[in-house]
Each structure stands twice: as C-alpha cells, then as structure tokens.
Amino acid sequence: MKYVFQIQYLNIRESYFNGKVRFEKDEFTINIQDERRGKVLRLPFLLDTQKRVLVRCSGPGVSVEDFVEYRGESEWVEIDSTPITFYIADHQDQFDTLEIIEL
Numbered sequence: 078m079k080y081v082f083q084i085q086y087l088n089i090r091e092s093y094f095n096g097k098v099r100f101e102k103d104e105f106t107i108n109i110q111d112e113r114r115g116k117v118l119r120l121p122f123l124l125d126t127q128k129r130v131l132v133r134c135s136g137p138g139v140s141v142e143d144f145v146e147y148r149g150e151s152e153w154v155e156i157d158s159t160p161i162t163f164y165i166a167d168h169q170d171q172f173d174t175l176e177i178i179e180l
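One rule links them: number in our numbering = place in the sequence shown (from 1) + 77.
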C-alpha cells in the first residue's frame with residue numbers, strides 16, 4: 078500500500094525539521110530528524126505492516142528516499158533518517174510530496 082502526503086511546509090530548526098503535511102482531509106505535524114533512535118517511522122494512524130517501509134520525499138527536480146522501520150502510532154508524522162534529513166537541509170523549500178510505501 079502507498080500513502081501520499083502533501084507537504085505544506087518544512088521549517089529548519091537546530092538539528093531537525095518540523096512542519097505540516099496533509100493526508101486526505103487531515104492535517105498533521107511532521108518532524109524529520111537524524112537517526113538518534115535508528116531509522117524510524119511513526120504515523121498518526123496504523124499501517125498493516127510491522128516491517129520496513131520506503132519513505133520518499135520529492136518535488137520538482139528533487140527526490141530522496143530511505144528504508145526505515147515502521148514503529149507504530151504517534152500524534153505526528155515522525156521520520157528519523159539521516160540521509161533524508163541531510164538532503165532536505167540542502168533542498169528545503171523544494172519538497173511538496175511525502176510517500177510512505179509498504180514493502
């Protein structure tokens with residue numbers, strides 16, 4: 078299954094990003110940071126998997142993806158991935174889509 082979020086904005090903080098994403102009719106806070114807890118994904122709803130998923134952030138001319146471990150539910154969309162965090166730091170305002178793809 079594939080879940081597609083629209084990235085409304087991402088703000089850079091000291092060592093992470095936060096912002097807002099929209100999924101269907103709902104709006105959620107998003108937090109993207111490096112791998113302090115390992116490569117982790119948490120979502121505001123449950124997925125049908127307890128395995129690794131593919132997380133892809135993209136926009137016109139840019140794309141970054143990483144395999145992370147789905148670790149259940151949270152109030153926010155939480156992504157812990159160093160490659161994604163560093164790439165977004167270099168291309169912050171260019172992303173408009175977040176995809177979560179179950180493997």
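Each residue gets a CB set at the ideal place from its N, CA and C atoms; glycine is no exception.
Item                                                                                                                                                            : Value
DSSP three-state call for LYS143: helix, strand or coil?                                                                                                        : The question names Lys, but residue 143 in the sequence shown is Asp. It is a strand residue.
Please state if the CB of GLN110 and the CB of THR162 are separated by a distance shorter than 8 Å.                                                             : yes
Taking C-alpha atoms, which residue in HIS168, SER151, THR159 and THR174 lies nearest to PRO121?                                                                : SER151
Less than 8 Å between the CB atoms is what I'm expecting for GLY136 and PHE172, so what's the real figure, rounded?                                             : 4 Å
Where do the ends of the beta strand (DSSP E) carrying ASP170 lie?                                                                                              : First-last for ASP170: undefined, no H or E at that position.
Applying the criterion that 16 or more other CB atoms from any shown protein chain within 10 Å of the CB defines a buried residue, is SER158 buried or exposed? : buried
Roughly how many angstroms lie between the CA atoms of ILE178 and GLY149, to the nearest whole one?                                                             : 15 Å
Buried or exposed: which applies to LYS102, given that a residue is buried once 16 or more other Cβ atoms fall within 10 Å of its Cβ?                           : exposed
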